[in-house]
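Worksheet: one structure, shown below.
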Amino acid sequence: MFCLFQIRYFFLLVFSLLQFSCTPSGQKDSRKLVWNDEFNYTGLPDSSKWDYDVGGHGWGNNELQYYTNADTGNAVVRNGKLIITARKQQSGTNPYTSARLITKNKGDWLYGRIEVKAKLPAGRGIWPAIWMLPTDWAYGGWPESGEIDIMENVGFMPDSVFSSVHTKSFNHVIHTQKTKGLFVNDVYNSFHVYAAEWFEDKIDFYMDDKLFFSFSNTHNGFAEWPFDKRFHLLLNIAVGGNWGGAQGIDSSIIASSMEVDYVRVYK
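Counting from 1, position 94 in the sequence shown corresponds to residue 106 in our numbering; the numbering is continuous, with no gaps.
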């Protein structure tokens, strides 16, 4: 009887290991790395991979920061990390400065896995995002051509991250956006991997390889699925704004930083 139990246990163990090793690793082995930045250098972000959105006009959300251009006070690589910092620093009429890095025309993709390992900035009024916008705006301006939000966090909800998509039919302006939040208790103290796997028929959103939200192609035209054109990646910290500043801004915050360990894109 003891031997029979051992035999059964052995086969169950082998079966479990085969399931564990074949399914996830098989998927990972099929990926091809097509773009990445490991931040193994020092100074400004690599200009062959990154550019900047610049300005302080509110960015459609009544945000308070001025996004600077190639300023190491707001975006710098050191100790193997990209560090984006929002600062209480006057720039014209804007009381804060920050950075909004983009890969437009230096990293643009149609489908694939977009993966960012990051530790988020803390503070009420701080609004970090890892997201994607269309490179060519083939279907028109926002939201017609779409938006993919891989990760957003607002400082007044320190235990939550959100993933969303925006389209002409589904967007926050008309309160129809497709979104889901995930409770996480250490986004400010630990690095997590935020990822979107974008296919022809769906977009899956992950944190630390845990699938928590999926948006499917409805096949009802571009108003619901504009995600058949190339997109690029954005990394930024906003301050205030319609959502980020919904519960005010902590006036004691002098600077708050998002650290990015790597960015990897797979086909």
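Ideal Cβ positions, reconstructed from N, Cα and C, are used throughout, including at glycine. These figures come from a predicted structure and were not determined experimentally.
Residues near residue i in its chain [Cβ-Cβ closer than 7 Å; skip 5 each side]
| i | result |
| --- | --- |
| N197 | D171 |
| E63 | For the record, residue 63 in the displayed sequence is Asp; it is not Glu. Same-chain partners within the cutoff: I114, K116 and K118. |
| A235 | T179, K180 and S181 |
| I95 | V88, S269 and E271 |
| S202 | K131 |
Residue i to residue j span [Cα, whole Å]
| i | j | result |
| --- | --- | --- |
| V247 | G233 | The amino acid occupying residue 247 in the given sequence is Leu; Val does not appear at that position. Each residue's Cα considered, the two are about 29 Å apart. |
| N74 | A141 | 16 Å |
| W47 | S60 | 11 Å |
| Q189 | D216 | 16 Å |
| G85 | T97 | 7 Å |
| R242 | A150 | 10 Å |
| G69 | E209 | Looking at the sequence provided, one finds His at residue 69 rather than Gly. Straight-line Cα distance between these residues: approximately 32 Å. |
| L45 | A130 | 19 Å |
| L245 | S263 | 30 Å |
| H231 | W139 | 33 Å |
| M270 | T105 | 24 Å |
| Y278 | I261 | 37 Å |
| D220 | S157 | 28 Å |
| G152 | W237 | 13 Å |
| A12 | N165 | Nothing in the structure corresponds to residue 12, since the chain is present only between 13 and 279. |
| R276 | A207 | 9 Å |
| Q77 | W143 | 18 Å |
| D120 | I126 | 11 Å |
| F168 | R136 | 5 Å |
| L132 | H204 | 9 Å |
Short CB-CB distance (under 8 Å) between residue i and chain B
| i | result |
| --- | --- |
| E159 | Although the question refers to chain B, the structure presented lacks it and comprises just one protein chain. |
Own chain partners of residue i with C-beta closer than 8 Å, once the 5 adjacent residues on each side are dropped
| i | result |
| --- | --- |
| K100 | P107, Y108, I265, I266 and A267 |
| F224 | S175, K192, L194, F217 and Y218 |
| E9 | One cannot answer for residue 9 here, as it falls past the ends of the chain, which runs 13 to 279. |
| Y53 | V89 |
| L56 | A82, T84, A87, V88 and V89 |
For residue i, the first and last residue of its enclosing beta strand (DSSP E)
| i | result |
| --- | --- |
| Q77 | Q77 to Y79 |
| H184 | Taken as a continuous stretch (DSSP letters only), H184 belongs to no beta strand (DSSP E), as it is neither H nor E. |
| K222 | K222 to S228 |
| D49 | L45 to D49 |
| R276 | A267 to Y278 |
| N248 | F243 to V251 |
Identity of the residues DSSP links to residue i by a beta bridge
| i | result |
| --- | --- |
| L132 | Answer is none; L132 lacks a bridge partner. |
| P161 | First, the residue type needs correcting, since residue 161 is Asp and not Pro in the sequence shown. DSSP, once it has assigned bridges, lists W143 and S176 as partnering D161. |
| E236 | Beta-bridge pairing links E236 to no other residue. |
| T54 | None; T54 has no bridge partner. |
| T115 | Partner(s): none; T115 has no beta bridge. |
Own chain partners of residue i with C-beta closer than 6 Å, once the 5 adjacent residues on each side are dropped
| i | result |
| --- | --- |
| E50 | Y274 |
| N12 | Because the chain here runs from 13 to 279, residue 12 falls outside it and cannot be looked at. |
| F227 | V177, K190 and I215 |
| N183 | P155 and Q189 |
**OP:** For the segment 81-111, list the beta strand (DSSP E) runs that are entirely contained and at least 3 residues long, ordered along the chain.
**Re:** 87-90, 93-103 and 106-110
Subject >> Length-filtered (3 minimum) beta strand (DSSP E) runs lying within the segment 193-217 >> reply: 204-210
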